[in-house]
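> Before I ask anything, here is the structure I am working with.
Protein chains: 2
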Amino acid sequence: MTELILALDFGGTKHTAGLAARGEHTWRGRRQMFSPPGADADLDLAAMLSMGQALLSGQQPAAVGVSFGGPVEYSTGVVRLSHHVPGWENKPLRRIIADAFGAPAFVDNDANLGAIGEHRFGAGQGYDSLLYITVSTGVGGGWVLNGRPWRGHDSMAGEFGHTVVDPNGPPCVCGGRGCVERLAAGPMIARRAREWLSAEPERDTALRRLVKHDLAAIDAQAVAQAAARGDEMAWEALAASARALGQAIGNAANLVNPQRFVLGGGVTKSGARYWDAIRASARSAAMPEVHFDIVPAHLGDDAPLWGAVALVEIETGA
Amino acid sequence: MTELILALDFGGTKHTAGLAARGEHTWRGRRQMFSPPGADADLDLAAMLSMGQALLSGQQPAAVGVSFGGPVEYSTGVVRLSHHVPGWENKPLRRIIADAFGAPAFVDNDANLGAIGEHRFGAGQGYDSLLYITVSTGVGGGWVLNGRPWRGHDSMAGEFGHTVVDPNGPPCVCGGRGCVERLAAGPMIARRAREWLSAEPERDTALRRLVKHDLAAIDAQAVAQAAARGDEMAWEALAASARALGQAIGNAANLVNPQRFVLGGGVTKSGARYWDAIRASARSAAMPEVHFDIVPAHLGDDAPLWGAVALVEIETGA
Chain A
1 MTELILALDF GGTKHTAGLA ARGEHTWRGR RQMFSPPGAD ADLDLAAMLS
51 MGQALLSGQQ PAAVGVSFGG PVEYSTGVVR LSHHVPGWEN KPLRRIIADA
101 FGAPAFVDND ANLGAIGEHR FGAGQGYDSL LYITVSTGVG GGWVLNGRPW
151 RGHDSMAGEF GHTVVDPNGP PCVCGGRGCV ERLAAGPMIA RRAREWLSAE
201 PERDTALRRL VKHDLAAIDA QAVAQAAARG DEMAWEALAA SARALGQAIG
251 NAANLVNPQR FVLGGGVTKS GARYWDAIRA SARSAAMPEV HFDIVPAHLG
301 DDAPLWGAVA LVEIETGA
Chain B
319 MTELILALDF GGTKHTAGLA ARGEHTWRGR RQMFSPPGAD ADLDLAAMLS
369 MGQALLSGQQ PAAVGVSFGG PVEYSTGVVR LSHHVPGWEN KPLRRIIADA
419 FGAPAFVDND ANLGAIGEHR FGAGQGYDSL LYITVSTGVG GGWVLNGRPW
469 RGHDSMAGEF GHTVVDPNGP PCVCGGRGCV ERLAAGPMIA RRAREWLSAE
519 PERDTALRRL VKHDLAAIDA QAVAQAAARG DEMAWEALAA SARALGQAIG
569 NAANLVNPQR FVLGGGVTKS GARYWDAIRA SARSAAMPEV HFDIVPAHLG
619 DDAPLWGAVA LVEIETGA
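Protein chains in written order, with this note's numbering: chain A, 1 to 318; chain B, 319 to 636.
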């Protein structure tokens with residue numbers, strides 16, 4: 001008998017549900033919605049439950065895997081909080097989902113599930129150890145070690161974004177200074193380029209033309225596009241991100257020595273030169289005896305959703 | 319029938335052999351010798367084999383656990399090299415020991431075995447995950463994750479000493495800049511104090527008196543003694559080491575979230591103020607949600623030797 005696995009991904013702004021069968025690696029159904037402005041936890045939950053029920057259309061899932069875009073205590077499945085949506089504090093998401101679908105549920109954060117998803121279905125297949133890193137609005141990370149998720153003692157392992165690259169660097173939201181996230185995330189690339197252009201109002205650059213002189217419109221994607229057109233100031237704003245990522249990857253390689261680093265998230269679509277800069281910086285930070293490669297994620301935005309499927313397969317012994 | 323486990327520890331300058339029985343946590347016999355000046359791998363090996371045979375006095379060991387003070391490829395038991403003694407390059411130590419004693423042998427580096435030893439017999443008992451850090455002439459580290467040694471893909475995990483604390487810091491032997499080892503190891507504490515005293519030849523300090531004005535005689539222990547007598551310049555030399563260690567511990571906590579950090583090695587005997595500074599710096603570098611404690615190793619210099627016993631117990635399924 002086919003065992004159905006329902007996968008749910010609560011993102012910051014976007015929620016996705018997918019239905020898969022155990023052992024199959026294509027979606028039988030997949031739905032997505034944007035969280036409405038002013039949404040809270042209960043609204044998002046209700047919307048997600050209804051997407052899940054619609055996908056199931058009366059069928060019973062064997063289990064439900066849930067990705068949450070924020071810290072979760074894995075052993076209990078209780079959400080600590082969301083940095084994007086109010087009302088998630090200490091929500092017992094695992095129990096709520098299990099009750100709603102009458103099936104076992106497993107809940108983990110999106111970065112851990114991205115790691116598990118890429119390990120089972122994507123760029124990490126056949127690798128014994130990897131660090132999955134997502135670089136977009138923030139920088140997150142998740143570990144697979146010995147072929148299994150490694151969540152750490154407090155379910156907090158993988159906070160790659162808040163390892164320090166430069167103790168004299170700019171202050172980060174976490175209270176630290178010069179964290180990877182503060183130096184490498186998309187908004188920081190944009191901010192850097194914006195500041196440089198503001199400081200030289202007469203300088204005509206590809207980036208300035210690209211945003212039609214509206215510096216507020218600069219985002220990391222625009223910076224990458226301008227860099228691709230030969231805008232060296234834009235490239236420098238991007239390169240600073242690549243160097244910070246690479247240095248932290250090199251440090252992580254020395255400390256944990258995983259076989260592979262898998263990088264996903266919007267900022268990693270910034271072109272070959274960006275990737276070369278990450279790799280060069282990582283190689284120079286790591287000891288010569290420490291080997292690894294750095295590759296793009298294969299599953300794109302669906303990595304956490306596939307991770308939710310993988311989590312069910314792992315936890316229910318497939 | 320009692321199963322005897324022979325444990326051998328090849329240190330940089332000191333070699334130790336111990337004989338234990340499976341399940342017993344006291345030595346039935348223990349011998350130690352200093353490596354003579356000008357020793358090479360073959361000489362050290364011969365000396366170690368003879369200590370082992372003397373301890374066994376004709377009895378047959380069930381297995382031999384071996385600690386080596388340098389990088390070892392764990393799966394093959396081949397030593398890569400020694401940074402202290404010539405002739406170790408690519409030496410198949412596991413096979414040599416197994417042949418000599420007619421018993422299975424297991425070989426790992428001293429930091430990994432320190433971790434395993436402390437986990438099974440020392441400060442890590444009952445802890446699921448820990449990073450063991452040794453701070454003496456160099457800075458090394460070894461992981462226990464999920465209650466098992468984590469060696470990494472190239473047997474290189476735990477190179478805590480070569481994670482970067484300050485990318486603009488002084489150059490390290492590894493080719494990097496501002497590594498933990500370069501900022502925190504004993505010789506660097508001594509060097510810092512020596513440089514400061516050289517720069518102020520008229521300044522009378524407890525440290526200067528302690529070494530009878532012979533700055534070349536300054537070592538980390540002297541710096542710690544002077545700091546304990548209220549010498550603030552000596553304390554600053556020591557505090558820089560504590561801060562670097564703490565910052566790297568905080569980063570490792572964010573990245574891997576182990577339950578406990580166990581610190582051993584001569585430099586960690588520098589007093590309560592040194593420990594307080596490590597803890598404060600680590601706590602400030604780690605995210606608030608990431609919990610851990612930092613405690614002294616229990617087994618002292620015998621941690622790798624007990625780790626060799628633990629390794630045999632793990633590998634032979636006890």
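For glycine and all other residues, C-beta sits at the position ideal for the given N, C-alpha and C.
Here's the rule I'm using: 16 or more other beta-carbon atoms within 10 Å means buried, otherwise exposed. How should Asn-90 of chain A be labelled?
Counting Cβ neighbours within 10 Å, Asn-90 of chain A comes out exposed, since fewer than 16 surround it.
> If you compare alpha carbons, which of A:Arg-28, A:Gly-29, A:Ala-244 and A:Ile-218 is closest to Ala-234 of chain A?
Ala-234 of chain A has its Cα closest to that of A:Ile-218, out of A:Arg-28, A:Gly-29, A:Ala-244 and A:Ile-218.
> Closer than 6 Å by C-beta to Ile-567 of chain B: which residues in its own chain qualify, once you throw out the five before and the five after it? Chain order, please.
Excluding residues within five positions, the ones whose Cβ falls inside 6 Å are Phe-579 and Ala-600.
> May I ask which residues mark the beginning and end of the alpha helix (DSSP H) holding Asp-110 of chain A?
Residues 110-121.
> Using 8 Å as the Cβ pair cut-off and three pairs as the minimum, do the segment 302-312 of chain A and the segment 497-513 of chain B touch?
With a cut-off of 8 Å, the segment 497-513 of chain B and the segment 302-312 of chain A do not count as touching, because too few Cβ pairs lie within range.
> Per DSSP, what are the beta-bridge partners of Ser-602 of chain B in this structure?
According to DSSP, which records beta bridges pairwise, Ser-602 of chain B is partnered with nothing at all.
> Scan the segment 480-493 of chain B for residues whose Cβ lies nearer than 8 Å to a Cβ of chain A and list them as they occur along the chain.
Of all residues in the segment 480-493 of chain B, His-480, Thr-481, Val-482, Val-483, Asp-484, Pro-485, Asn-486, Cys-492 and Gly-493 have a Cβ within less than 8 Å of some Cβ in chain A.
> Determine the burial state of Val-72 of chain A: buried for a count of at least 16 other Cβ atoms within 10 Å of its Cβ, exposed for fewer.
When all chains shown are included, Val-72 of chain A counts as buried.
> Hey, Val-453 of chain B and Thr-586 of chain B are a contact pair by Cβ (cut 8 Å); roughly how many whole angstroms apart?
Contact holds; Cβ gap of about 5 Å.
> Assuming Val-312 of chain A and Gly-65 of chain A are in contact, meaning their beta carbons sit under 8 Å apart, how far apart are those beta carbons, in whole angstroms?
Correct: roughly 4 Å between the Cβ atoms.
> Where does Thr-268 of chain A fall in DSSP's three states?
Correct three-state label for Thr-268 of chain A: helix.
> Can you name the residues of chain A whose CB is closer than 8 Å to the CB of Gln-565 of chain B?
The answer, in chain order, is Val-164 and Pro-167.
> The beta strand (DSSP E) that contains Gly-564 of chain B, what's its start and end?
Where Gly-564 of chain B is concerned, there is no enclosing beta strand (DSSP E), although the alpha helix (DSSP H) it sits in stretches over 550-574.
> Using only alpha-carbon positions, find the residue among B:Ala-560, B:Leu-411, B:Phe-610 and B:Ala-502 that is nearest to Leu-367 of chain B.
Considering only alpha carbons, the answer is B:Leu-411.
> Judging by CA-CA distance, which residue of A:Trp-150, A:Ser-284, A:Ile-97 and A:Leu-299 is the nearest neighbour of Cys-490 of chain B?
Out of A:Trp-150, A:Ser-284, A:Ile-97 and A:Leu-299, A:Ser-284 has the C-alpha closest to the C-alpha of Cys-490 of chain B.
> Using a Cβ-Cβ cut-off of less than 8 Å, list which residues of the segment 608-622 of chain B approach chain A; keep chain order.
Against chain A - using a Cβ distance shorter than 8 Å - the residues of the segment 608-622 of chain B are Val-608, His-609 and Phe-610.
> By the three-class DSSP mapping on this structure, what secondary structure does Tyr-274 of chain A have?
Helix, per DSSP.
> How about Ser-588 of chain B and Leu-563 of chain B: are their beta carbons less than 7 Å apart?
No, they are not a contact pair.
> Who are Val-262 of chain A's beta bridge partners in DSSP?
Answer is A:Tyr-132 and A:Val-295.
> List the whole-angstrom C-beta distance separating Ile-612 of chain B from Leu-581 of chain B, where the pair is believed to meet the contact cut-off of C-beta under 8 Å.
6 Å between Cβ atoms; contact.
> Can you give me the C-alpha to C-alpha distance between Ala-380 of chain B and Val-627 of chain B, rounded to a whole angstrom?
Looking at the two C-alpha atoms, the distance is approximately 11 Å.
> To the nearest angstrom, report how far apart Ala-364 of chain B and Arg-591 of chain B are at their CA atoms.
Straight-line Cα distance between these residues: approximately 43 Å.
> Whose CA, out of B:Leu-326, B:Thr-523, B:Glu-554 and B:Pro-355, lies closest to the CA of Ala-416 of chain B?
Per the Cα distances, B:Leu-326.
> What is the DSSP secondary structure of Ser-385 of chain B, reduced to helix, strand or coil?
Strand.
> Which residues in the same chain have their Cβ closer than 6 Å to the Cβ of Gln-32 of chain A, if we skip the five residues on either side of it in sequence?
Hits under 6 Å: Thr-16.
> If the cut is a Cβ gap below 9 Å, which residues of chain A does Asn-575 of chain B touch?
Under the 9 Å cutoff, chain A gives Trp-150, Arg-151, Gly-152, His-153, Asp-154, Ser-155, Met-156, Ala-157, Gly-158 and Glu-159.
> Along chain B, in chain order, which residues have C-beta atoms closer than 8 Å to that of Asp-128 of chain A?
The answer, in chain order, is His-471.
> Could you tell me the alpha carbon to alpha carbon distance between Pro-422 of chain B and Asn-430 of chain B, rounded to whole angstroms?
Whole-angstrom Cα-Cα distance: 19 Å.
> Excluding sequence positions up to five away, which residues of its chain have a Cβ less than 7 Å from the Cβ of Ala-199 of chain A?
Hits under 7 Å: none found.
> Take Asp-231 of chain A and list the residues in its own chain whose beta-carbon comes closer than 7 Å to its own, dropping the five residues that flank it on each side.
Excluding sequence neighbours, Asp-231 of chain A sits near Thr-205, Ala-206 and Leu-207.
> Return the CA-CA distance between Thr-316 of chain A and Arg-348 of chain B, expressed in angstroms with no decimal places.
Each residue's alpha carbon lies about 48 Å from the other.
> If we define contact as Cβ-Cβ less than 7 Å, is Asn-572 of chain B a contact residue for chain A?
Chain A, which has a Cβ nearer than 7 Å to the Cβ of Asn-572 of chain B, makes this yes.
> Taking the beta strand (DSSP E) that Gly-370 of chain B belongs to, which residues open and close that run?
Note, Gly-370 of chain B: premise wrong, no beta strand (DSSP E); alpha helix (DSSP H) at 359-374.
> Can you tell me whether DSSP reads Ala-335 of chain B as helix, strand or coil?
Residue state, collapsed to three classes: strand.
> How is the beta strand (DSSP E) around Val-165 of chain A delimited, first residue to last?
Per DSSP, Val-165 of chain A belongs to no beta strand (DSSP E) and is neither H nor E.
> CB-CB under 7 Å to Gln-225 of chain A, same chain, minus the five flanking residues each way: which ones, in chain order?
Contacts found: Leu-210.
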